[in-house]
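Peer 1: Have a look at the structure that comes next, please.
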């Protein structure tokens, strides 16, 4: 069965049989897989992945081939679920790199939207494989290509609707913005933040997912992307500098975070989220020194002590020392209570926390509450505004295909990343 030529006669029928098993029987099989040695489990994954690749080589969109691939992907999904519990193989083992060049991403995006729009899926929708429903087979470049294809289709859709409205003048009350095929921003270099926020506030309730055109007042018009890149670079550089006061920078750290007591109103964080989403929507990389914790939160994952070590290395190290200490004189050595000092503010982590001593029994609860306070409770209002703005621009379903590290690379860039390949992918879309 492991021979590649056997994929059609043995592997596919086996996958279809397993997919028809009852939940209880399937669970028994997965429990057996969990007992396999790493090398054996890896061969099993490679067998089904190879079958998917072979099927893609002969892909003709027939109902039979859709059924074959669906069964193979469901098998990989079961194996991936087992691996998540065992944490035995790296995620890359499940990735089908061939998708980048063999999958029609325009068709994939259209099928995603058709599936989302259909409550009671028709037979045609059900028989079509939606590869992105199995995100573990996508490598980061394939996810980026899917994201950019989704962006391009949205832009073209907005252009088409704007041209129709402009030509037919279907509704007299249509806003001027709705009739434009692009999102045009004209800003002054010396009043960059002011001009951007003023214009965004005018379009707050509009769909901003159009192609962005930027021009600086008094300068020669638009170009093929250079002005746009310069615009985002200059804008973010101003908004994140410590002197501006929109974000706080822990002492001795290179990362920024949301402040406990914001200098600005919440709406400004909403617009900052819109701008981050607008940057991503327009395939721009922004230099934003957020820790990985932000990207975890955008994906509904909980930040950890490791994330706190990135945001505030000294504090993270101190909390780790506290956890590692097993001495009998713990309370005398540390003498701390369930209250914290963060961002020039003192607060209790629990009622009357300042009078409750941290000891060997409750120290893990103390650290957990400390982390939760910094990343969640203390910044809830401004973070939620940022998140709302970001997802106003970006499709949450597609963003959630990424892992936190991948999302960070896509939004803020990665010096180790193969950006030449990234550019190729962008131009292929």
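Numbering (full-length UniProt numbering), first residue to last: 1 to 429. We put the beta carbon where it would ideally sit given N, CA and C, even for glycine. Nothing here was measured: the structure is a model prediction, and the numbers come from that model.
1) Expressed to the nearest angstrom, what Euclidean distance is found between the alpha-carbon atoms of residue 89 and residue 15?
2) Could you give the residue range of the alpha helix (DSSP H) that holds residue 22?
3) Taking the alpha carbon of residue 399 as the reference point, which residue from 151, 36, 44 has its own alpha carbon closest?
4) Within 10 angstroms of the Cβ of residue 393, are there 16 or more other Cβ atoms? Answer buried if so, exposed if not.
5) Let me confirm a value: residue 149 is counted as buried when at least 16 other C-beta atoms fall within 10 Å, else exposed. Which label applies?
6) When the distance is taken between beta carbons, is residue 378 closer than 8 Å to residue 260?
7) Excluding five sequence neighbours on each side, which residues of the same chain lie with their C-beta closer than 6 Å to the C-beta of residue 82?
8) Use the C-beta contact count for residue 255: other C-beta atoms within 10 angstroms, 16 or more gives buried, fewer gives exposed.
9) Can you grab the Cα-Cα spacing for the pair residue 137 / residue 407, in whole Å?
10) DSSP on residue 375, reduced to helix/strand/coil?
11) Short check: CB of residue 183 to CB of residue 212, under 8 Å?
12) Taking DSSP as the reference, what is the three-state secondary structure of residue 288?
13) Under 8 Å, do residue 387 and residue 298 count as touching if we go by C-beta distance?
14) To which residues of the same chain is residue 404 closer than 7 Å at the C-beta, ignoring the five residues directly before and after it?
15) Please name the residue in 351, 154, 70 whose C-alpha comes closest to that of residue 340.
16) Leaving out five residues on either side along the sequence, give the residues of the same chain with a beta carbon under 6 Å from the beta carbon of residue 411.
17) DSSP three-state call for residue 75: helix, strand or coil?
18) Assign residue 345 to buried or exposed, taking buried as 16 or more other Cβ atoms, counted over all protein chains shown, within 10 Å of its Cβ.
19) From the DSSP output, which residues share a beta bridge with residue 365?
20) Should residue 265 be labelled buried (16 or more other beta-carbon atoms within 10 Å of its own) or exposed?
21) With a cut-off of 8 Å, do at least 3 Cβ pairs link the stretch 132-146 to the stretch 93-105?
22) Who are the near neighbours of residue 124 in its chain, counting only those whose CB is closer than 7 Å to its CB and skipping five residues on each side?
23) Need the endpoints of the beta strand (DSSP E) that residue 211 sits in, please.
24) How many angstroms separate the CA atom of residue 241 from the CA atom of residue 303?
25) Identify the residues that DSSP records as bridge partners of residue 257: which are they?
26) Give the straight-line distance between the Cα atoms of residue 324 and residue 313, rounded to the nearest whole angstrom.
27) Tell me which same chain residues have a C-beta within less than 6 Å of the C-beta of residue 93, skipping the five on either side of it?
28) Within the continuous alpha helix (DSSP H) that includes residue 40, where are the two ends?
29) With a cut-off of 8 Å, do at least 3 Cβ pairs link the stretch 101-114 to the stretch 68-81?
30) In terms of alpha-carbon separation, which member of 216, 226, 238, 290 lies closest to residue 249?
31) When you compare each of 87, 278, 413, 59 to residue 395 by their alpha carbons, which one comes out closest?
32) Considering only the alpha carbon of each residue, which of 360, 275, 199 lies closest to residue 234?
Peer 2: The relevant details are as follows:
1) When rounded, the distance between both Cα atoms is 21 Å.
2) Run containing residue 22: none; DSSP gives neither H nor E here.
3) That would be 151, whose Cα lies nearest to the Cα of residue 399.
4) Counting Cβ neighbours within 10 Å, residue 393 comes out buried, since at least 16 surround it.
5) Residue 149 comes out buried.
6) One thing to note: residue 260 has its Cβ within 8 Å of the Cβ of residue 378.
7) Correct list, in chain order: 30, 33, 34.
8) By the Cβ neighbour-count rule, residue 255 is buried, with 16 or more other Cβ atoms within 10 Å of its own.
9) Rounded to the nearest whole angstrom, the CA to CA distance from residue 137 to residue 407 is 16 Å.
10) Note: residue 375 maps to helix in three-state DSSP.
11) At a Cβ-Cβ threshold of 8 Å, residue 183 and residue 212 count as neighbours.
12) Correct three-state label for residue 288: coil.
13) Yes; because the gap between Cβ atoms is below 8 Å, this pair is in contact.
14) Only 292, 295, 296, 299, 301 meet the Cβ criterion.
15) Of the candidates 351, 154, 70, the one whose C-alpha sits nearest the C-alpha of residue 340 is 351.
16) Take residue 411, set aside five residues on each side of it, and the residues of its chain with a beta-carbon closer than 6 Å to its own are 280, in chain order.
17) Shown here, residue 75 sits in a helix according to DSSP, grouped into three states.
18) Answer is exposed; the Cβ neighbour count stays below 16.
19) When DSSP reads this structure, residue 365 sits in no beta bridge, so it has no partner.
20) With fewer than 16 other Cβ atoms within 10 Å, it is exposed.
21) The answer is yes - the stretch 93-105 touches the stretch 132-146, with three or more Cβ pairs under 8 Å.
22) With a pLDDT of only 48 at residue 124, under 50, the local geometry of the prediction cannot be trusted, and the value read off the model is given with reservation. Excluding sequence neighbours, residue 124 sits near nothing in its chain.
23) Residue range 211-216 is occupied by the beta strand (DSSP E) that includes residue 211.
24) Computed Cα separation, rounded: 24 Å.
25) DSSP output for residue 257 lists 248 as bridge partner(s).
26) Between the alpha carbons of residue 324 and residue 313 lies a distance of about 16 Å.
27) If we look at residue 93 and ignore the five residues flanking it on each side, its Cβ neighbours are 45.
28) 38-57 is the span of the alpha helix (DSSP H), which, as asked, contains residue 40.
29) No, they do not touch.
30) The candidate whose alpha carbon is nearest that of residue 249 is 290.
31) Just measuring C-alpha positions, the residue of 87, 278, 413, 59 sitting nearest residue 395 is 278.
32) Comparing Cα positions, the closest option is 275.
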